[in-house]
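First up is the structure itself, then whatever we jot down about it.
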Amino acid sequence: MFNFILRRIAVVIPTFLGVTLLAFALIHMIPGDPVLVMMGERQIDPEFYKAALQRMGLDQPLYVQYGHYLLNLLQGNFGESIVTHEPVLSEFLKLFPATVELSICAMIFACLIGLPAGMLAATRRGTVIDHVTMGGALTGYSMPIFWWGLILIMLFSVHLGWTPVSGRIALEFDITPVTGFMLIDTLLSGEEGAFNSALHHLVLPAIVLGTIPMAVIARMTRSAMLEVLREDYIRTARAKGLGRTRIVIVHALRNALMPVVTVIGLQIGTLLAGAVLTETIFSWPGIGKWLIDSISRRDYPVVQGGILLIATLVISVNLLVDILYGVINPRIRHAR
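Heads up, the sequence shown is in the UniProt record's numbering, so the first residue is 1 and it goes up one at a time.
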């Protein structure tokens, strides 16, 4: 097991270095002079320009700049915003709970709908239910997030008035952040109606963000269930006269869940990528909206640091899923 973990970490290290190289190159891929672009391309004093160039380290050779960049990363320094002058890591940690809360609720929605839908399609293979379920999953997977989000806003917020259009909670509530998770903070605050308001604000963004993972989970569950249902021990269970529900729930589902769990872990990257669009559509104050706002303000150190932090998070989650999969399935540990 120890060698298996070391092999996985050895694969992750060059991946991480590649990500740092891409993030470092972002500043130098900007068309024109990076300092002038970040300052708004306005006429600036030559002395100020020289000082900004030195402060950003852009007057050094590229290999020296990259070395300093890696050294700062090892010390937890991901740069500083040129708009707010706050450390990028500090801003990221402040906004990250909002994205995590949204992603967790989206994944709960995806599992609650995707798993039963996949099981139903597998047990009704070739019927109308199977075709309708898989057609719905394919539609959900193919639907652009921004288009799906706008449709739900028009229907449930504008036409029916059931859910708010944007934000995390109504303006009448002044909740003091404790954990950063609005659902928990509203419960801790004791303000009447605050939790319901936070929940109503969360419903549509979670559905929009969870639609693609839901479709992936439904299709994977159907595929895994069909494979398990062909096994000899399932035929033996049928021959013993066991009911369909017991065969599916007790004997087939547990073995079919292993690849599904792996897919659920790998959907973390999809959720973070989808959060950028979802948070922008619903004005959700998380890291996705933070990155989009930083791009529009040409705050490239924030974009650079934010992308690197998100990539680090995705790499870490995938590493954890790989290790857990190796713990569950010993054959994976010995595979080369």
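C-beta atoms are modelled at their ideal positions from N, C-alpha and C, and glycine is treated no differently.
Cβ shell of residue i (< 6 Å), same chain only, five flanking positions each side left out
i: Gly269; result: Val314
i: Ala117; result: Thr133 and Ala218
i: Ala137; result: Ala215, Ala218 and Arg219
i: Asn255; result: Val228
i: Ala170; result: Ser197
i: Ile310; result: Leu272
i: Thr236; result: none
i: residue 341; result: The displayed coordinates of the chain run from 1 to 336. Any statement about residue 341 would go beyond what the structure contains.
i: residue 405; result: Any question about residue 405 goes unanswered here, given that the chain covers just 1 to 336.
Nearest-angstrom Cβ-Cβ length linking residue i and residue j, presumed shorter than 8 Å
i: Leu26; j: Val303; result: 7 Å
i: Ile82; j: Pro301; result: 6 Å
i: Arg125; j: Ile323; result: Actually they do not touch by this definition, with Cβ atoms about 34 Å apart.
i: residue 337; j: Ile212; result: Only positions 1 to 336 of the chain appear in the structure, and residue 337 is not among them; the question remains open.
i: Gly210; j: Phe109; result: 4 Å
i: Ile281; j: Leu150; result: 7 Å
i: Leu308; j: Val64; result: So it is not a contact: roughly 19 Å between Cβ atoms.
i: Ala23; j: Val35; result: Actually they are not in contact, since the Cβ atoms of Ala23 and Val35 sit about 18 Å apart, beyond 8 Å.
i: Met119; j: Val248; result: 7 Å
i: Leu102; j: Pro205; result: 6 Å
Cβ-based neighbour list, residue i, same chain, cut-off 7 Å, excluding 5 preceding and 5 following
i: Val203; result: Thr163
i: Ile145; result: Val208, Gly274, Leu277 and Thr278
i: Asp130; result: Ala121 and Arg124
According to DSSP, residues forming a beta bridge with residue i
i: Glu80; result: Pro87
Same chain, Cβ closer than 8 Å to residue i, neighbours up to 5 away in sequence not counted
i: Leu21; result: Tyr66
i: Leu70; result: Thr20
i: Glu86; result: Glu80
- Message: Is it the case that the segment 251 to 270 contacts the segment 155 to 166, given that we only count it when at least three CB pairs across the two stretches are under 8 Å?
- Response: No, the segment 155 to 166 is not in contact with the segment 251 to 270.
- Query: Can at least three beta-carbon pairs, one atom from the segment 236 to 247 and one from the segment 185 to 197, be found at a separation below 8 Å?
  - Reply: Result no; under three Cβ-Cβ pairs closer than 8 Å.
- Message: For a minimum of 4 consecutive residues, which ranges assigned as the alpha helix (DSSP H) are wholly contained in the segment 2 to 69?
- Response: Counting only runs of 4 or more, we get 2 to 28, 34 to 38 and 46 to 55.
- What alpha helix (DSSP H) runs, 4 residues minimum, are completely inside the segment 129 to 163? Taking only runs of at least 4 residues, the alpha helix (DSSP H) segments lying wholly in the segment 129 to 163 are 145 to 152.
- Query: Any chance the segment 96 to 105 sits against the segment 50 to 67, with 3 or more Cβ pairs inside 8 Å?
  - Reply: Using a C-beta cut-off of 8 Å, the segment 96 to 105 makes no contact with the segment 50 to 67, since fewer than three inter-stretch Cβ pairs fall below that distance.
- With a cut-off of 8 Å, do at least 3 Cβ pairs link the segment 69 to 81 to the segment 180 to 189? No, the segment 69 to 81 does not touch the segment 180 to 189.
- Item | Continuous beta strand (DSSP E) assignments of at least 3 residues falling wholly in the segment 191 to 275 | You should have found no qualifying run.
- Which runs of the alpha helix (DSSP H) spanning at least 4 residues fall entirely within the segment 294 to 334, listed in chain order? Counting whole runs of 4 or more residues, the segment 294 to 334 contains the alpha helix (DSSP H) stretches 300 to 328 and 330 to 334.
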